[in-house]
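Participant: Take this structure, written in structure tokens, and hold onto it; I'll ask about it next.
2 protein chains.
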Amino acid sequence: MTRSVIQDFVTSDHDHDSCIDAALARAQAVCRARGERLTPQRRQVLELVWRSHRPVKAYDLLERLSTSGRRAAPPTVYRALEFLREAGLVHRLESLNAFIGCPRPDIRHSAQFLICTRCGAVAEMDDASLTAKIDANARRLGFKVDDEKIEVNGTCRACRERDAAL
Amino acid sequence: MTRSVIQDFVTSDHDHDSCIDAALARAQAVCRARGERLTPQRRQVLELVWRSHRPVKAYDLLERLSTSGRRAAPPTVYRALEFLREAGLVHRLESLNAFIGCPRPDIRHSAQFLICTRCGAVAEMDDASLTAKIDANARRLGFKVDDEKIEVNGTCRACRERDAAL
DNA sequence: AGGAAGCTTGTTATAGTATCACGCACTCAC
DNA sequence: GTGAGTGCGTGATACTATAACAAGCTTCCT
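Same order as they appear, the protein sequences are chains Y and U.
Letter by letter, the first sequence follows residues 1 to 166 of our numbering.
Letter by letter, the second sequence follows residues 1 to 166 of our numbering.
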């Protein structure tokens, strides 16, 4: 059994700042390797994404991008998000119209998410055997897979325990 | 190995009308079993969804819902789609903001789609072992699964063969 | 038949998500 | 320095979805 949890549900006791710093450092490295620029704008958007540790909406980012009073326009944030997505630095959660930071931009992997509908927390998985199975099913139909997304809705442990306590 | 293909990519030689009729008949049965009403409005939306045999956008449906010259308003079609979705008669493709008819509304199953980004065709799968694997992964994190969606982008056989012929 | 309750639909307005198109500024190679 | 490529600002607009309230229809009870 491969280790499949890329990012577990975040608990309140983790070191937020160092976790964001690490993400930004990884991003810098990824961009350098790709020969692309992590501009201040892109960097700021990525930081905002990580600061929430939850799926973030584009327009929420926009509000927080209040550069010196002036309100940024939508293309600003969408361009940054698109850049980050292509670099594998953020994922888009299709069922939420929201974005979340990817903790492992260095390795190519398919997107597999557990989304708690109670608290909004998200865990990211990367079970290669799942991917392999999907590929095999697709191949049987002559279908060539480019990329796949798995989004699972449910309730995380913390929320279930909180519910049980009532 | 369970049979996992619920709906293969539709070829041009299938009998479209009878396939729509069958879908409507199944819908009628499902609604009866659920004690709900397949009103003319809902029925018409479902028929339009099936008539395309591809993912359909809500506003496209809206245009085609030209009831005697009068143009329907968005809530009309969204309400019908929501009803159909809850009854398991249509699926929503999150990555496309589009809807597609479900050929097996009678059996509960998770949504697994192969989406051809070239021609837009979609195949629906139901590989129970995939679902089981996801459930197992989730359980290991204490996560209780409600429902899951798998959307796979790629190229279908027909499009690949067409490309190869060039 | 009368009438209450609940479901279904119509309608207007608005919220939320995303892209287009144009122009300017910056960078970097030559 | 100049031309190509890239990044960003800005205004407009397209696309997707829901809120809120009113009106009509069904069902079921009496």
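Positions of the beta carbon are idealized from the N, C-alpha and C atoms, including for glycine.
Would you mind stating whether U/Val145 and U/Phe99 have Cβ atoms separated by less than 8 Å?
Facilitator: No, they are not a contact pair.
Participant: Hey, is U/Thr155's beta-carbon within less than 8 Å of any beta-carbon in chain Y?
Facilitator: Taking Cβ atoms only, chain Y reaches closer than 8 Å to U/Thr155, which makes this a yes.
Participant: Compare the beta carbon distance of Y/Leu141 and Y/Leu89 with 8 Å and say whether it is the shorter of the two.
Facilitator: The answer is no: Cβ separation not under 8 Å.
Participant: My parser needs the alpha helix (DSSP H) runs of 4 or more residues fully inside the region 120–145 of chain Y; what are they?
Facilitator: As far as the region 120–145 of chain Y is concerned, its whole alpha helix (DSSP H) runs of at least 4 residues are 128–140.
Participant: Which of the three DSSP states is assigned to Y/Asp147 in this structure?
Facilitator: In this structure, Y/Asp147 counts as strand in the three-state DSSP scheme.
Participant: For U/Asp146, which residues in chain Y fall below 9 Å Cβ to Cβ?
Facilitator: Going along chain Y in sequence order, the residues near U/Asp146 (Cβ under 9 Å) are Thr117, Val152, Asn153, Gly154, Thr155.
Participant: Which residue comes first and which comes last in the alpha helix (DSSP H) that contains U/Ile20?
Facilitator: It spans 16–34 - the alpha helix (DSSP H) in which U/Ile20 sits, taken as one unbroken run.
Participant: Under 7 Å, CB to CB, which of the residues in the region 91–113 of chain Y have a partner in chain U?
Facilitator: Cβ contacts with chain U: Glu94, Ser95.
Participant: Using beta carbons (cut-off 8 Å, strictly below), is U/Ile20 in contact with chain Y?
Facilitator: Chain Y contact via Cβ: absent.
Participant: Can you name the residues of chain Y whose CB is closer than 9 Å to the CB of U/Ser4?
Facilitator: Simply Asn137, Arg140.
Participant: When DSSP labels each residue in this structure, what does Y/Leu93 get in the three-state scheme?
Facilitator: If DSSP states are grouped into helix, strand and coil, Y/Leu93 belongs with the strands.
Participant: How would you list, in chain order, the residues of chain U whose beta-carbon sits under 9 Å from the beta-carbon of Y/Ala123?
Facilitator: Per Cβ cutoff of 9 Å: Ala138, Leu141, Phe143.
Participant: Name the residue from U/Arg108, U/His53, U/Gln44 whose alpha carbon lies nearest to the alpha carbon of U/Tyr78.
Facilitator: It is U/Gln44.
Participant: Using a cut-off of 7 Å between C-beta atoms, extract the partners of U/Arg126 located in chain Y.
Facilitator: In the sequence as presented, Arg is not what sits at residue 126 of chain U; that position holds Asp. The premise fails here: U/Asp126 is roughly 10 Å from chain Y at the closest Cβ pair, so nothing lies under 7 Å.
Participant: Looking at the structure shown, is Y/Val152 part of a helix, part of a strand, or coil, going by DSSP?
Facilitator: It is a strand residue.
Participant: In whole angstroms, what separates the C-alpha of U/Ala87 from that of U/Ala25?
Facilitator: Roughly 14 Å between the two C-alpha positions.
Participant: Would you say U/Val122 and U/Leu114 are within 8 Å of each other, going by their C-beta atoms?
Facilitator: Their beta carbons are under 8 Å apart, which means U/Val122 touches U/Leu114 by this criterion.
Participant: Residues of chain Y with CB under 8 Å from U/Arg129, in chain order?
Facilitator: It is worth fixing the name first, because residue 129 of chain U is Ser in this sequence and not Arg. Result: Lys133.
Participant: Name the chain U residues whose beta carbon is nearer than 9 Å to that of Y/Asp8?
Facilitator: The contacting residues are Leu141.
Participant: In whole angstroms, what is the alpha-carbon distance linking U/Pro40 and Y/Ala128?
Facilitator: Their backbone Cα atoms lie some 46 Å apart in a straight line.
Participant: Let me confirm a value: Y/Glu124 is counted as buried when at least 16 other C-beta atoms fall within 10 Å, else exposed. Which label applies?
Facilitator: It counts as buried.
Participant: Using beta-carbon positions only, say whether U/Val152 and U/Pro105 come within less than 8 Å of one another.
Facilitator: No, they are not a contact pair.
Participant: Could you compute how far the alpha carbon of U/Cys119 sits from the alpha carbon of U/Cys159?
Facilitator: Cα-Cα distance, rounded: 7 Å.
Participant: Hey, could you find the ends of the alpha helix (DSSP H) Y/Cys102 is sitting in?
Facilitator: Segment: none, Y/Cys102 is in no alpha helix (DSSP H) and carries neither H nor E.
Participant: Does Y/Lys57 have its Cβ less than 8 Å from a Cβ in chain U?
Facilitator: Answer no: the Cβ-Cβ gap between Y/Lys57 and chain U never drops below 8 Å.
Participant: Please name the residue or residues paired with Y/Cys116 in a DSSP beta bridge.
Facilitator: Y/Cys116 pairs with Y/Gly154.
Participant: What span of residues does the alpha helix (DSSP H) with Y/Val5 cover, start to end?
Facilitator: Y/Val5 -> not in any alpha helix (DSSP H); beta strand (DSSP E) instead, spanning 5–7.
Participant: Looking at the unbroken alpha helix (DSSP H) that takes in Y/Pro40, where does it start and where does it end?
Facilitator: Segment 40–52, the alpha helix (DSSP H) holding Y/Pro40.
Participant: Quick check on U/Val77: does DSSP put it in helix, strand or coil?
Facilitator: In this structure, U/Val77 counts as helix in the three-state DSSP scheme.
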